[in-house]
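Data block below; observations after.
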Amino acid sequence: MAAVSLSVSTVKPLGDRVFVKVSASEEKTAGGLYLPDTAKEKPQVGEVVSIGDGKFNDDGGRMSMDVKVGDKVLYSKYAGTDIKLGTDEYVLLSEKDILAIVS
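Going by UniProt numbering, the first residue of the sequence shown is number 1, and it counts up by one from there.
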């Protein structure tokens, strides 16, 4: 099997999928306590890095995506597939798993 090197620029989501860079989770509580990695919650906010072409509609055309590259989004807690490229964490998820665009 041939080795494939992945980078953010080589990942192109298909259909209505979105590639999101996960924002770093808080390392300290409001009370000032530092959390170990095992106690941290999975982040639900990230920045859209790449998007697919959109779903096909009944007429055979593509439906436009509601998000665009650079949008900061809030997504479902257990949605998508976690991917680690280098030291950065990403999640590949369906557009329906995105709950809101955060301004």
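The beta-carbon is built from N, C-alpha and C at its ideal position, and this holds for glycine as well.
Here the structure is a predicted model, which is why all the values come from computation and not from measurement.
- Below 8 Å, too few C-beta pairs join the segment 47-54 and the segment 76-87 to call them touching: fewer than three.
- Residue pairing by DSSP puts leucine 74 in a beta bridge opposite Val45 and Ala100.
- Nearest C-alpha to serine 50 among Gly32, Ile101, Lys77 and Lys12: Lys12.
- In the DSSP assignment, arginine 17 falls within the unbroken beta strand (DSSP E) covering 17-22.
- Burial state of glycine 31 is exposed, judged by a 10 Å Cβ sphere holding fewer than 16 other Cβ atoms.
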